[in-house]
Amino acid sequence: MHPDAHAASAALAESFASQAIEAVRARGRFSVALTGGSGPVQAYRLLGSEPLRSRIPWEGVHLFWGDERCVPPGHTRSNFRMANEAFVSRVPIPPANVHRMRGELLPAEGAEAYARELAAFFGPGVPRFDLIHLGVGPDGHVASLFPFTDALHQRERTATTNLHLPLGEPRITLTMPVLNAAGRIELPVLGADKAEIAWKVLRGPIDPFRFPAQFLRPGDGEAVWVMDAAAASRLVGERVNG
1 MHPDAHAASA ALAESFASQA IEAVRARGRF SVALTGGSGP VQAYRLLGSE PLRSRIPWEG
61 VHLFWGDERC VPPGHTRSNF RMANEAFVSR VPIPPANVHR MRGELLPAEG AEAYARELAA
121 FFGPGVPRFD LIHLGVGPDG HVASLFPFTD ALHQRERTAT TNLHLPLGEP RITLTMPVLN
181 AAGRIELPVL GADKAEIAWK VLRGPIDPFR FPAQFLRPGD GEAVWVMDAA AASRLVGERV
241 NG
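Heads up: the sequence shown begins at 1 in the numbering used here, then just goes up one per residue.
As structure tokens, then:
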């Protein structure tokens with residue numbers, strides 16, 4: 001837990017930088033799936049600013065996305081646009097290393113295209129990202145894996161479509177097996193408005209179809225909640241699930 005959103009964001013950005021440096025040094029590349037929402041924005045801006053901008057070996061960093069709305073990349077609701085404005089366009093990363101979801105395609109076509117891109121990069125089987133960033137929605141969803149939706153049952157595909165029912169908005173999303181194969185998952189959960197869902201996911205009854213974030217159980221990695229004091233206010237002194 002961090003005292004405020006600025007400290008939590010700085011920790012998230014520093015973790016990205018440290019892992020990128022280590023992975024590129026050891027294996028020549030660092031693969032990360034980014035998230036949308038408001039939680040990572042400040043951290044992403046730090047990645048595009050000094051001193052982190054110059055520390056990170058961008059030539060070996062490969063950026064993917066955990067989910068995307070089915071909109072063009074310049075749309076105000078695009079997760080790609082958010083990250084691009086925050087840091088991607090501000091750092092010397094090779095364009096070929098930016099693997100965005102094609103939200104401008106029909107949803108099924110976009111999901112199939114992303115599955116092919118994942119296979120081309122990672123090879124056959126379930127992709128293993130070095131790092132995945134995930135926000136947690138007020139209903140407990142992660143990526144675009146919403147409560148009680150069919151996508152939560154998907155075990156064969158690496159990327160699939162889903163529908164955000166309150167808005168009727170189609171999405172492309174990584175599937176839960178891909179999330180749980182990551183070497184590390186970091187969840188930026190910031191602000192008092194996240195205190196209730198953080199408590200439900202981490203302290204409440206286990207009901208993962210209702211709170212999909214409870215499905216996060218990396219087999220050979222770890223999931224770390226990067227929280228400020230406001231988001232963690234109901235958890236202080238309590239035992240958490242997992």
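Just so it is clear, CB atoms sit at the ideal spot from N, CA and C, and this is done for glycine as well. Keep in mind it's a predicted model, so treat the numbers as computed, not measured.
Closer than 6 Å by C-beta to Ala111: which residues in its own chain qualify, once you throw out the five before and the five after it? Chain order, please.
As a working mapping, residue 111 is identified with position 111 in the sequence shown. Hits under 6 Å: Ala159, Thr160, Thr161, Ile172.
Using the C-alpha atoms, what's the distance from Val224 back to Pro208?
For this step, residue 208 is matched to residue 208 along the sequence shown. For this step, residue 224 is matched to residue 224 along the sequence shown. Their Cα atoms are separated by approximately 18 Å.
Complete alpha helix (DSSP H) runs within the region 57-139 (minimum length 4 residues, chain order):
79-86, 107-122
Assigned secondary structure, Ser49 (DSSP; H/G/I helix, E/B strand, else coil)
As a first step, residue 49 is located in the sequence shown; it is residue number 49 there, counting from the start. Of the three classes helix, strand and coil, the one that applies to Ser49 here is coil, per DSSP.
Can you tell me whether Asp228 is helix, strand or coil according to DSSP?
Here residue 228 refers to the residue found at position 228 of the sequence shown. Here Asp228 sits in strand by DSSP.
Three or more C-beta pairs below 8 Å linking the region 41-61 and the region 13-26:
yes
State the CB to CB distance for the pair Ala43 and Pro127, rounded to an integer number of angstroms; the pair is presumed to be in contact (CB under 8 Å).
What you label residue 43 is simply residue 43 of the sequence shown in a count that begins at 1. What you label residue 127 is simply residue 127 of the sequence shown in a count that begins at 1. Not quite, the Cβ-Cβ distance comes to about 23 Å (not below 8 Å), so this is no contact.
Check Val236 in the structure and name its three-state DSSP category.
Counting from 1 along the sequence shown, the entry for residue 236 is found at position 236. The answer is coil: DSSP assigns Val236 none of H, G, I, E or B.
Extent of the continuous beta strand (DSSP E) run through Phe30
As a position in the sequence shown, residue 30 is number 30, starting the count at 1. Note, Phe30: beta strand (DSSP E), 30-34.
Within 10 angstroms of the Cβ of Arg155, are there 16 or more other Cβ atoms? Answer buried if so, exposed if not.
Numbered from 1 along the sequence shown, position 155 holds the residue referred to as residue 155. Exposed, by the Cβ-count rule.
Contact under 7 Å by Cβ, Leu34 with Trp65:
Along the sequence shown, read from residue 1 onward, the residue named residue 34 stands at position 34. Along the sequence shown, read from residue 1 onward, the residue named residue 65 stands at position 65. Their beta carbons are under 7 Å apart, which means Leu34 touches Trp65 by this criterion.
Arg210 - DSSP class collapsed to helix/strand/coil:
The sequence position of residue 210 within the sequence shown is 210, counting from 1. Residue state, collapsed to three classes: coil.
Helix, strand or coil for Lys182? Go by DSSP, reduced to three states.
Here residue 182 refers to the residue found at position 182 when the sequence shown is read from its first residue. In the sequence on display, residue 182 carries Ala and not Lys. Looking at Ala182 - three-state DSSP - the assignment turns out to be coil, as it is neither helix nor strand.
Going by alpha carbons, who is nearest to Glu265 out of Ile56, Ile132, Ser144, Gly74?
Here the chain covers residues 1 to 242 and nothing more, so residue 265 does not appear.
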